[in-house]
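*Asks:* In this note's numbering, each residue carries its 1-based index in the sequence shown increased by 348.
Every residue gets a Cβ at the ideal spot worked out from N, C-alpha and C, and that includes glycine.
Since we're looking at a predicted model, the values are computed, not measured.
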Amino acid sequence: DKFLFSTLRADGHAFRDTVAPKLLNIDVLTPQTLRLHWSEPTLPPPGSLNGVIARSAQGAPLDTALFPYLSEYYWDITFLRPLALGQVWIEIPMATDTAGNLLFFALDSVQLEYPTRQS
349 DKFLFSTLRA
359 DGHAFRDTVA
369 PKLLNIDVLT
379 PQTLRLHWSE
389 PTLPPPGSLN
399 GVIARSAQGA
409 PLDTALFPYL
419 SEYYWDITFL
429 RPLALGQVWI
439 EIPMATDTAG
449 NLLFFALDSV
459 QLEYPTRQS
């Protein structure tokens with residue numbers, strides 16, 4: 349039994365993505381490197397000079413991160429100095445998804461706890 353189709357027609361409305369990406373969570377990879385997980389493929393906007401900023405629990409800026417690795421669904425960001433123990437707020441001034449939807453100012457916190465060195 350074989351079925352042959354001479355005409356295939358699909359009707360409906362094309363999906364248009366109008367939702368900005370969301371920061372889902374933050375993983376601590378090293379004292380200087382964090383991984384930011386996104387809800388969809390996300391990149392810094394072209395020409396954007398705003399980096400990711402680490403702030404203390406009181407809101408004081410601690411450092412600005414570099415983007416050494418940008419994957420589709422996560423960014424590995426690296427700070428020049430190790431981040432201090434305790435709660436650190438991570439501020440992303442701007443990000444965009446593949447449809448061009450902009451996320452303005454994402455803010456989330458991460459608790460930094462490093463294991464003690466074994467002697």
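Given Phe453, which residues of its chain have a CB within under 8 Å of its CB, disregarding the five upstream and five downstream residues?
*Replies:* Scanning its chain for C-beta atoms nearer than 8 Å, with the 5 sequence neighbours on each side dropped, one finds around Phe453 the residues Glu439, Ile440, Pro441 and Met442, in chain order.
*Asks:* Assuming the contact rule is C-beta atoms closer than 8 Å, Arg383 and Ile374 should be a hit. Round their C-beta distance to whole Å, please.
*Replies:* 7 Å
*Asks:* Can you name the residues that DSSP bridges to Gly434?
*Replies:* Leu460
*Asks:* Quick check: what's the CA-CA separation for Ser396 versus Glu420?
*Replies:* 18 Å
*Asks:* Just reading off the beta strand (DSSP E) that Arg403 is part of, what are its end residues?
*Replies:* Ile401 to Arg403
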